[in-house]
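Here is the structure we will look at, set down as C-alpha cells.
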Amino acid sequence: MSAPLIIVGGGIAGLSTALAAAPAPVLLLNRARNSAGAASGMAQGGIAAPIGGGDTPQAHARDTCEAGSHHNDRTVVELLTGEAVAAVNWLQRQGVAFDRDAGGALQLGREGGHDRPRIVHAGGDATGAKVMEALVAAARRAPHIRRRTDVDVDGLLLHGGRACGVHALDADGNAEQIHGCAVVLATGGIGGLFARTSNPADADGNGLALALAAGAALRDIEFVQFHPTALALPGLHSLPLVTEALRGAGARLLDAEGHPLMDGVHPLADLAPRDVVARQVWQACRDGGTWLDARGIGTAFPARFPTVFGACMQHGIDPRLQPIPVAPAAHFHMGGIAVDADGRSSLPGLHAVGEVACNGVHGANRLASNSLLEGVVFGRRLGALLGALPDAGDMQGKCTLALRKSSLDVPRLASLRELMMQAMGPVRSGESLQAALQECSALAAQGWQGALAQVMLEAALRRTQSLGAHFRTD
Ligand code: SIN
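To get the numbering used here, take the position in the sequence shown, counting from 1, and add 185.
So, in C-alpha cells, the structure goes:
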C-alpha cells in the first residue's frame, strides 16, 4: 500500500483537503477528539459567495481587497471569489443545508466590508457547526480517509530537505513517527496565544511552530485580526463570539454613556471593516465598556441567532431585553506559513491550507465570512493536486527530525498571552512591541509558544507603517 497523505488538523480546511484527495489514502490527525478543538465549528457568520442577483466574483474580490488594504495577492483573491459559488454547491452536496427563505432561495446575510448581502448561513448563526457536522460525517463515510484523534504532532520528519512525515505524541505521551508521501498542515490560527480570543484555546499556532522548527518560510505574521464583539466575560480566555451578522441585522455598538460608538468614525458606521471597529471598541472598553444593542431583533432573536442567544442566556444576559457587553478578541491570523495558490510551502513535501497558511488572499485584514470559504476553496484545490501525485515512495528509516520545543508551563503561557494581547493587540506601538520582545526572550527559550511570539513581535516591529489590522500609534 502506498504511503498516505498526512493531514494535520481536522477543521474545514483539513477535511476539505482530505475529501478532495480521494481515492488517494489519507491519514487525518486530530489533536482533539471529534474535531472538537477546531475553530471552524465555532464560526457563526457564514460563507461569503456572490450568489445574489447582480453580484459577481469581481465585486466580491473588490470588497476582499478593500478590507485587506490591497495588501492581497489579487490572483489568489480571484481564485477564491471565482470558486465561491462552486464551494457552496459542493458543501450542499456534502449535506450542508443552508438557510432558505419561504420561496426556497438561499438567504443572504450582510456583514462588515461587504457592499451587499452575500453571506450564506446554516442554522442561523451556527454555520460552522453545521458545516463541520456534514464534513465530519462525509469523512467518516469516505473509505480513503483514516482518522486518528488525540494525536499531538510536535515535529516533522525530513528526508533530503523534504517533509516525509510527522513525529507525534498520543494522549499518554507516547512518541511515534508516522511516515507519509507528503504533509499538509491545516492546524488553524493563533488566537490561543492571546489573553482573549474567539478561538478555542487549541488554536495556539502549533502548525506555525512546526513549520518554523523545520525552516519553512512564514509570511505576514504580524497581521492578526481582532473581532470587535466577543462576549465580554471577565477572566475567561476563550470567549463566545457575538456575530457581526447581528450588526448586519441592525444591532448598534454603544459606548459607556449609551452613545452610538461608530457614528462619524467611518461611512459604514457599525459595518465598517473589522479592524476599524475593533480599534474603536478597544478604546471604548478602556474608557468604561462597550455594548451591542441588539434589542431591535426582538422576539426573533432565539431563532435567528441561537448560538449567541444561548451563550448570552448562559451568562444571565437576555439580548432581547438588554445590550450585550462586548470586547475585542483575537480572531483570525492573516499571516501564516508562506504558500503558493496550490498550498506549497518553501519546504518541499510540506503544504499548508486554511488559517495556518498564508497565500496572500486576505491581505492585511480578512473580509468577514471569507475564512470558511478559504478552507473549502483551497482545501479542495490542494486535495485534488496531492491526490493526483505519483507515490513518492517510502522513506521510512532515512529521516531526520525537526522537533518544535516543548510547551510553556501554564503560568508562563498565561503571562505570554497577556503580553501578546497588550503589545500585539488592535493598537500597537514600537515602544510596547520592543518592551514585549525583551520580556519574551526568556519565554522564547522556555517553550515553543514563546519562540513563535518572538518572531511575531519581530515582524510587527519591522513593519513600521500602519496597514490594515496592523495599527501603530507611532
Ligand atoms: C462573525 O460571525 O462575526 C465572524 C465571521 C467571520 O469571522 O468571518
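Every residue, glycine too, gets a C-beta built ideally from N, C-alpha and C.
- Linking A523 to V541 through their CA atoms gives a straight-line distance of about 9 Å.
- In this structure G230 is not in contact with F411, their Cβ atoms being roughly 15 Å apart against a cut-off of 8 Å.
- Taken through DSSP and simplified to helix, strand or coil, R216 comes out as coil.
- Close CB contacts of H547 within its chain, under the 6 Å cut and outside five residues either way in sequence, are with G253, M519 (chain order).
- Distances taken from the Cβ of Q229 to the heavy atoms of the ligand SIN include one shorter than 6 Å.
- Around the C-beta of T249, 16 or more other C-beta atoms lie within 10 Å, and the residue is accordingly described as buried.
- Not a single heavy atom of the ligand SIN lies less than 6 Å from the C-beta of A388.
- Between Q634 and G390 the beta-carbon gap is near 7 Å, inside 8 Å, which marks them as a contact.
- DSSP places T372 outside both helix and strand once states are collapsed to three, so it counts as coil.
- Under DSSP, I191 shares a beta bridge with L212, V368.
- Taking a C-beta distance under 7 Å as the contact criterion, L571 and A367 qualify as a contact pair.
- According to the DSSP assignment, T585 belongs to the beta strand (DSSP E) that extends over 585-588.
- DSSP places T382 outside any alpha helix (DSSP H), giving it a letter other than H or E.
- A distance below 7 Å between beta-carbons, with the five flanking residues on each side excluded, links Q619 to the following residues of its chain, in chain order: L646.
- Checking the 6 Å criterion, the Cβ of E559 is out of range of every heavy atom belonging to the ligand SIN.
- Secondary structure in the region 430-498: the alpha helix (DSSP H) runs of 4 residues or longer, each lying completely within the stretch, are 430-433, 459-471, 486-489 in chain order.
- In this structure, the C-beta of T266 stays at least 6 Å away from each heavy atom of the ligand SIN.
- Taking the Cα positions, R247 is about 36 Å away from L418.
- Checking the 6 Å criterion, the Cβ of S556 is within range of a heavy atom belonging to the ligand SIN.
- Nearest to D339 by C-alpha distance, out of A188, P445, A356, R326, is A356.
- With a cut-off of 6 Å, the C-beta of A311 is classified as distant from the ligand SIN, since no heavy atom of the ligand falls inside that distance.
- Taking every protein chain shown into account, the CB of D335 has fewer than 16 other CB atoms within 10 angstroms, so this residue is exposed.
- In this structure, the straight-line span from the alpha carbon of L354 to that of A360 is close to 4 Å.
- Residue environment analysis places V562 among the buried positions, since at least 16 neighbouring C-beta atoms fall within 10 angstroms of its C-beta.
- As computed with DSSP, V305 is found in a beta bridge with I232.
- Setting aside the 5 residues that flank it on each side, A223 is surrounded in the same chain by G195, G196, M317, G373, each with a C-beta closer than 7 Å to its C-beta; the list follows chain order.
- Taking a cut-off of 8 Å for Cβ pairs, the region 469-483 and the region 436-446 touch, as three or more such pairs fall below it.
- With a beta-carbon spacing of about 4 Å, T202 and G564 fall inside the 8 Å limit used to define contacts.
- In terms of side-chain proximity, the C-beta atom of E251 is found no nearer than 6 Å to any non-hydrogen atom of the ligand SIN.
- With a cutoff of 7 Å on beta-carbon distance, A415 and L426 are scored as near each other.
- Runs of the alpha helix (DSSP H) lying entirely within the region 538-567, each at least 4 residues long, are absent.
- With three or more CB-CB distances shorter than 8 Å, the region 285-304 counts as touching the region 224-244.
- The alpha-carbon of G653 is positioned some 34 Å away from that of A348.
- Taking the Cβ of T484 as the reference point, every heavy atom of the ligand SIN lies at 6 Å or farther away.
- For A553, the shortest separation between its Cβ and any heavy atom of the ligand SIN lies below 6 Å.
- In this structure V538 touches A198 by the C-beta definition: roughly 5 Å separates them, less than 8 Å.
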